[in-house]
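Numbered per numbering that gives the first Met the number 0, the sequence shown spans residues 0 to 159. These notes are about the structure you will find just below.
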Amino acid sequence: MKLLSNALLALLAVTAPGAQAAQYNGENRSHSPMLPKPVNAKWQQECSGCHLAFAPGLLPAASWRKIMSGLDHHFGADASLAAQDVTEITAFLEKNQANRWTSNAAPLRITEGKWFAAKHREIAPAVWQRASIKSANNCIACHRSADKGVFDEHQVSIPR
C-alpha cells in the first residue's frame, strides 16, 4: 500500500497543474547522498560558515542564480563574497541543480516548495518552533546526515 501511495504522490507531483517540483532523483529512493561527487570546497566553506551548505539538488538553477546574485541581502544578512567566489559557487550549484522541477518557478526557500511540504506534511507547525529545531530550514536538526546530503526518511530523528 505504501508503494502505491508513494507512486501516486510522485505521479501527482509531476502531473499536477502548477506543481512546483517533483522529487530530486526520483525521491532519492536509493537513500544515497544527494550531494554530487566531488563537492566544491569553496561552496562548502562559504555556505556552511553560517548554515548547512544545502545540497544543490534541492533547488533548480534559476533559484540558485537568484540566491547567488543577491548575497548582499541574503535572507536578512550580508553574505557578500568576492566575484570570483560567486562565479565558482554559482557554476557548481547550477551544474548540480535539481533537474525535475515541473514549472519555471524559482523559489528562494527550499521550505516553500510543494516537494518539501509533501515530505513534511506530518510535522505539526509547533515542532518547527522547538528550541532544538528553531525552523524548518534547519535540516540537520532532524536529518543528522544532511551535511553529507543524506535525507533518508528512515534515519530521521526529531528532537524534543
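Using N, Cα and C, we set each Cβ at its ideal position, and we do this for glycine too.
Beta-carbon proximity check, residue i vs residue j, cutoff 8 Å
i           : j           : result
residue 105 : residue 59  : yes
residue 51  : residue 145 : yes
residue 127 : residue 116 : no
residue 70  : residue 78  : yes
Residues of its chain near residue i, where Cβ-Cβ distance is below 8 Å and the 5 sequence neighbours each way are ignored
i           : result
residue 53  : 46, 109 and 138
residue 158 : 129, 131, 132, 140 and 141
residue 155 : 141 and 142
residue 94  : 35 and 55
residue 152 : 118
Sequence-distant residues of its chain with Cβ nearer than 6 Å to residue i (five each side left out)
i           : result
residue 92  : 55 and 63
residue 67  : 85 and 89
residue 119 : none
residue 150 : 142
DSSP bridge partner residues for residue i (one or two, in chain order)
i          : result
residue 73 : 76
Same chain only: Cβ atoms within 7 Å of residue i, ignoring 5 sequence neighbours per side
i          : result
residue 72 : none
Please specify which runs of the alpha helix (DSSP H), each continuous and at least 4 residues long, are wholly inside the segment 82-113, giving them in chain order. 82-94
*Are the segment 37-45 and the segment 74-94 touching by the rule of at least three beta carbon pairs closer than 8 Å?*
yes
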